[in-house]
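**Student:** Quick one: the structure is below, and I'll ask about it shortly.
There are 4 protein chains.
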Amino acid sequence: MTSVDEPARPHGNGRLRDAARTRAEILDVATQEFARVGYAGARVDDIAARTSTTKRMIYYYFGGKEQLFTAVLERAYGVIREAEQRLDVEHLDPVAAIRRLAELTFDHHERHPDFIRLVSIENIHEAEHIAASEKLGRIGSPALDVIRRILASGRESGLFTADVDAVDLHALISSFCFFRVANRHTFGALFGRDLVDPDRREHYRTMLGDMVIAYLTAERSAD
Amino acid sequence: MTSVDEPARPHGNGRLRDAARTRAEILDVATQEFARVGYAGARVDDIAARTSTTKRMIYYYFGGKEQLFTAVLERAYGVIREAEQRLDVEHLDPVAAIRRLAELTFDHHERHPDFIRLVSIENIHEAEHIAASEKLGRIGSPALDVIRRILASGRESGLFTADVDAVDLHALISSFCFFRVANRHTFGALFGRDLVDPDRREHYRTMLGDMVIAYLTAERSAD
Amino acid sequence: MTSVDEPARPHGNGRLRDAARTRAEILDVATQEFARVGYAGARVDDIAARTSTTKRMIYYYFGGKEQLFTAVLERAYGVIREAEQRLDVEHLDPVAAIRRLAELTFDHHERHPDFIRLVSIENIHEAEHIAASEKLGRIGSPALDVIRRILASGRESGLFTADVDAVDLHALISSFCFFRVANRHTFGALFGRDLVDPDRREHYRTMLGDMVIAYLTAERSAD
Amino acid sequence: MTSVDEPARPHGNGRLRDAARTRAEILDVATQEFARVGYAGARVDDIAARTSTTKRMIYYYFGGKEQLFTAVLERAYGVIREAEQRLDVEHLDPVAAIRRLAELTFDHHERHPDFIRLVSIENIHEAEHIAASEKLGRIGSPALDVIRRILASGRESGLFTADVDAVDLHALISSFCFFRVANRHTFGALFGRDLVDPDRREHYRTMLGDMVIAYLTAERSAD
DNA sequence: AATGAATGAGGCTTCATTCAT
DNA sequence: TATGAATGAAGCCTCATTCAT
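So the protein sequences, as listed, match chains A, B, C and D.
Everything in the first sequence is counted per UniProt numbering, starting at 1 for the first residue and increasing by one.
Everything in the second sequence is counted per UniProt numbering, starting at 1 for the first residue and increasing by one.
Everything in the third sequence is counted per UniProt numbering, starting at 1 for the first residue and increasing by one.
Everything in the fourth sequence is counted per UniProt numbering, starting at 1 for the first residue and increasing by one.
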């Protein structure tokens with residue numbers, strides 16, 4: 001992202017490396033801009049201006065604004081997938097594992113507000129870029145498999161009573177994490193409470209875990 | 001602002017009625033357009049074209065695109081406030097009352113996807129229009145008072161054990177309702193599950209209630 | 001100009017008086033606005049807004065922006081004519097009379113910067129409004145007659161040697177008075193000297209008189 | 001900015017030449033239009049239409065209407081400065097030198113009516129564009145230095161008696177030259193005399209010289 | 001004599017994109 | 001691989017003016 005001063009190499013793939021770097025730089029800036037002001041609000045000129053290359057390169061590498069936005073989404077989702085692939089909670093008992101997974105989800109949302117904004121924006125566009133992307137259609141989530149296994153194990157042991165599958169539980173966990181970051185501005189403006197206040201962070205993190213565990217383990221009337 | 005049914009008066013206000021109607025019509029169309037494509041994506045020309053008046057009237061009544069968007073938000077929040085003021089759940093016992101409130105919140109989100117989109121959009125803009133609006137700053141929510149009273153009553157009777165105040169509980173309930181509608185496109189595209197599929201509606205509605213009640217009533221380790 | 005609270009009179013010309021007053025108020029405001037930002041720069045809305053009446057009245061009384069500007073010019077030239085009609089310098093000897101007249105012209109320009117601006121503006125428009133006005137075409141100037149008589153008397157007595165007629169002398173005197181007020185902004189910005197600085201007022205007033213007298217009385221080579 | 005006569009170079013700058021030409025062409029047309037109808041009266045569309053490029057280029061090169069007007073002023077003042085730098089009168093005796101300088105000023109005004117109109121217009125705007133321009137603030141005038149030296153020499157030799165400095169004398173000379181061109185429309189319309197009638201040109205040119213010399217050399221009462 | 005609502009034409013500016021080199 | 005110049009379409013907004021009452 002920062003310009004690296006590496007010695008000019010007479011032969012070889014110096015060019016190629018530069019190309020990759022240019023591409024990455026454009027993606028970095030574009031991610032910030034799209035996240036900041038939305039797809040329609042972003043300006044190709046502004047993105048180019050914040051780059052060490054020119055506007056022409058955006059068209060050269062990505063083809064256009066729309067494809068650039070799709071590339072931004074693809075990379076952003078790639079990052080989250082990688083993080084999820086590093087999840088390591090299955091050595092814990094089901095209750096602890098789920099709580100840990102919820103917390104990691106919570107942390108990931110907190111650390112990537114730009115990604116959350118991009119997702120909000122993509123939803124305004126009814127996920128059309130995801131639908132058009134070869135990389136992103138039905139990409140699923142590594143976390144889902146983890147959840148699936150924890151749920152199965154918890155249910156086997158009789159600890160979990162709730163009638164949820166992994167996808168719904170993922171939605172339940174995500175909803176709180178996402179809302180807290182995505183809607184913090186309107187929520188703060190209307191209710192005077194900053195949902196991402198660092199001082200309240202632990203409180204909300206615990207609240208999420210409590211909620212998920214309570215839901216999964218609640219005594220159920222025979223239905 | 002809402003369509004007024006007042007009898008035709010002998011002289012005068014014929015025009016005034018038209019003015020209110022014109023204003024309301026513009027707001028209706030603008031609400032749809034802003035919700036559909038966001039603030040930056042919306043076109044004043046398009047809004048005007050879908051109206052029985054002209055573009056000029058938008059500027060006459062609202063002053064500009066930005067103020068129009070603010071007016072749209074103001075009216076949209078007004079509608080939700082009115083709905084919340086009609087909440088009538090306090091004759092129920094705390095558990096039933098909270099479940100009912102969660103369900104009504106759920107239903108309201110389901111019925112007003114445009115409103116949810118507007119809120120997402122306003123969050124992308126970091127709630128700047130709410131902040132600039134005299135009508136909307138720290139508007140609070142009638143639902144909060146209802147929640148507050150139910151929580152107090154439930155805690156008194158020993159039914160509720162969770163350490164939440166009304167604002168946090170409101171966030172918890174809203175997050176699921178909001179996410180389900182707001183993020184349904186990306187969620188559907190990535191996981192192949194339509195969160196607003198009518199066939200799954202009851203399932204999610206129950207799930208929300210279960211989650212909230214489980215959270216509020218869970219046995220807590222002495223901490 | 002200020003709204004006067006006079007008792008409503010049941011009969012009589014109360015209406016007419018109001019009409020005259022409204023007209024005058026519009027003219028006052030229009031004079032300021034046109035002088036401030038030029039004909040094209042002035043806004044009918046702004047003029048109306050600074051009035052106690054409405055925009056409609058401007059059209060009612062004057063017909064349109066163009067005619068309003070013409071009316072403004074007509075009244076402004078009327079004021080200067082009246083002032084010139086009160087010139088009383090012919091009891092002085094020719095030299096003193098001319099100096100006095102120059103000084104009065106100087107003073108008049110200083111006191112009516114808005115008028116000078118209007119004249120500049122009308123020149124940008126190539127005097128088309130004057131040409132179109134019945135009141136203003138070839139209106140001449142009472143001052144011209146005065147100058148004519150002084151010149152004749154001065155030449156008779158041998159004091160004045162210059163080959164000028166009244167119109168040219170009027171131009172000579174006016175040019176300095178006009179330039180000092182009209183061009184003071186560019187002159188000040190470029191040369192750092194404020195031509196209308198009160199402290200330099202006497203200096204320029206004297207300079208003008210000296211110049212005119214010197215010109216009129218200079219010894220001429222036999223040509 | 002001025003049309004450059006540089007030989008076509010083997011590669012490269014073909015475009016650059018075009019850019020300079022495009023810029024210059026826009027400036028030419030803009031100068032005419034602004035001079036013709038004033039800043040507010042000029043239309044960016046009209047300027048573009050009279051150009052071989054498009055409206056977009058005006059914004060590409062100048063940024064906007066306001067900056068275009070400033071650029072027009074900058075170039076116009078640049079032209080006059082160049083002319084003044086070519087003044088060559090100091091080989092004459094002070095009286096002849098001043099008369100010659102006045103005549104050259106007179107001629108320059110006559111030859112550049114558009115420039116005079118621009119200056120009038122800029123004064124209506126209270127020299128705000130000059131103030132905002134880095135090129136134009138306190139630009140001074142080469143003529144001033146010339147005048148200064150002539151004045152000193154004339155005063156040394158006892159020929160000049162008047163109490164003026166170069167700036168004031170410059171104002172005195174300019175005022176007549178400027179008025180004659182700038183106010184010719186209203187003056188002509190009101191008094192029936194065309195100040196720029198070619199037949200009267202020599203008359204006014206002489207009149208200006210006579211006036212300046214008479215003023216500078218007049219016998220002064222001991223004050 | 002007065003007014004709020006309405007209007008069509010046109011104003012300035014900006015957009016994503018492409019061209020020639 | 002890279003770039004400054006160029007573009008047409010469209011964006012938001014404002015103008016002087018008129019209408020219905």
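In this text, a Cβ means the ideal position worked out from N, Cα and C, and glycines have one as well.
Measure from the alpha carbon of A/E181 to the alpha carbon of each residue in A/R155, A/I80 and A/D107, then state which is nearest.
**Tutor:** One detail in the question is off: residue 181 of chain A reads as Val in this sequence, not Glu. Comparing Cα-Cα distances from A/V181 to each of A/R155, A/I80 and A/D107, the minimum goes to A/D107.
**Student:** Name the residue from D/R148, D/R205, D/A132 and D/V164 whose alpha carbon lies nearest to the alpha carbon of C/D168.
**Tutor:** D/R205
**Student:** Would C/P94 and C/F176 qualify as a contact pair, given that the criterion is a beta-carbon distance under 8 Å?
**Tutor:** No. Outside cutoff.
**Student:** Which whole-angstrom value is the C-beta distance of B/I124 and A/G38, which I expect to be below 8 Å?
**Tutor:** 5 Å
**Student:** C/F179: which of C/L208, C/A166 and C/R50 sits nearest, CA to CA?
**Tutor:** For the set C/L208, C/A166 and C/R50, the Cα lying nearest the Cα of C/F179 is the one of C/L208.
**Student:** Can you give the Cα-Cα distance for C/R117 and C/T105, rounded to whole angstroms?
**Tutor:** 16 Å
**Student:** Is the CB-CB distance between D/A30 and D/V72 below 8 Å?
**Tutor:** yes
**Student:** Assess, as a yes-or-no matter, whether the region 141-158 of chain D is touched by the region 95-102 of chain D under the definition of 3 or more beta carbon pairs within less than 8 Å.
**Tutor:** yes
**Student:** With distance defined between alpha-carbon atoms, name the residue in C/A42, C/A35 and C/M57 nearest to C/E25.
**Tutor:** Minimum Cα distance to C/E25 is reached at C/M57.
**Student:** Using a Cβ-Cβ distance cut-off of 8 Å, determine whether A/A115 contacts chain B.
**Tutor:** The sequence given here has Phe at residue 115 of chain A, not Ala. The Cβ of A/F115 sits no closer than 8 Å to any Cβ of chain B.
**Student:** Under 7 Å Cβ-Cβ, which residues of chain C neighbour D/E110?
**Tutor:** None at all; the shortest Cβ gap to chain C is about 14 Å.
**Student:** Quick one: is C/I80 near chain D, going by C-beta distance under 8 Å?
**Tutor:** By this cut-off, C/I80 is not an interface position.
**Student:** Would you say B/R155 lies against chain A (beta-carbon separation less than 8 Å)?
**Tutor:** No - not a single Cβ of chain A is within 8 Å of the one on B/R155.
**Student:** Rounded to whole angstroms, what is the Cα-Cα separation between C/S3 and C/F115?
**Tutor:** With a pLDDT of only 40 at C/S3, under 50, the local geometry of the prediction cannot be trusted, and no value is derived from it.
**Student:** Going by C-alpha distance, which of A/G137, A/P142, A/D210 and A/F187 is nearest A/A83?
**Tutor:** A/P142
**Student:** From A/E103, A/R43 and A/R36, pick the residue whose C-alpha is nearest to that of A/H170; which is it?
**Tutor:** A/E103
**Student:** Shortest alpha-carbon distance to B/G41 belongs to which of B/K65, B/R21, B/A49 and B/Y60?
**Tutor:** In terms of CA proximity to B/G41, B/K65 leads the group B/K65, B/R21, B/A49 and B/Y60.
**Student:** Shorter than 8 Å from the beta carbon of B/E33 to some beta carbon of chain A?
**Tutor:** So no, B/E33 is outside the interface.
**Student:** Who are the near neighbours of C/E74 in its chain, counting only those whose CB is closer than 7 Å to its CB and skipping five residues on each side?
**Tutor:** S133, K135 and L136
**Student:** Tell me which residue opens and which closes the alpha helix (DSSP H) that A/R43 is part of.
**Tutor:** Careful: A/R43 lies outside any alpha helix (DSSP H) and carries neither H nor E.
**Student:** State the Cα-Cα distance for the pair B/L101 and B/L92, rounded to the nearest angstrom.
**Tutor:** 11 Å
**Student:** Which of the residues in the region 70-98 of chain D, read from start to end, lie with their CB under 7 Å from any CB of chain C?
**Tutor:** none
**Student:** Please compile the residues from chain C whose C-beta is within a distance smaller than 7 Å of the C-beta of D/T186.
**Tutor:** Think of a sphere of 7 Å around the beta carbon of D/T186: the chain C residues whose beta carbon falls inside it are V119, E122, N123, A127 and I130, in chain order.
**Student:** Given this structure, state the Cα-to-Cα distance separating B/T51 from D/L195, to the nearest angstrom.
**Tutor:** 58 Å
**Student:** In whole angstroms, what is the alpha-carbon distance linking A/S157 and A/I213?
**Tutor:** 15 Å
**Student:** So, are the CB atoms of D/D210 and C/A218 less than 8 Å apart?
**Tutor:** yes
**Student:** Determine whether the beta carbon atoms of C/F191 and D/G140 lie at a separation below 8 Å.
**Tutor:** Yes, these two residues count as a Cβ contact at 8 Å.
**Student:** Just the chain B side, please: which residues come within less than 8 Å of A/V164 by C-beta, in chain order?
**Tutor:** Result: M207.
**Student:** What residues of chain B sit near A/H190, judged by a beta carbon separation below 9 Å?
**Tutor:** Before going on, a small fix: residue 190 of chain A reads as Leu here, not His. Result: Y77, A127, I130, L136, G137, R138, I139, G140 and S141.
**Student:** So with CB distances below 8 Å, who are the chain D contacts of C/L172?
**Tutor:** F176, M207 and M211
**Student:** Taking the alpha helix (DSSP H) that A/P113 belongs to, which residues open and close that run?
**Tutor:** P113 to I124
**Student:** Interface residues of chain D around C/R148 at Cβ under 9 Å?
**Tutor:** Neighbours of C/R148 on chain D: none; closest Cβ ~12 Å, over 9 Å.
**Student:** Going along chain A in order, which residues have a C-beta closer than 8 Å to the C-beta of B/L195?
**Tutor:** A171
**Student:** What are the boundary residues of the alpha helix (DSSP H) that A/F179 is part of?
**Tutor:** A166 to A182
**Student:** Runs of 4 residues minimum, wholly inside the region 65-111 of chain D: which ones carry the alpha helix (DSSP H) assignment?
**Tutor:** If we require 4 residues or more, the alpha helix (DSSP H) runs fully inside the region 65-111 of chain D come out as 65-85 and 94-111.
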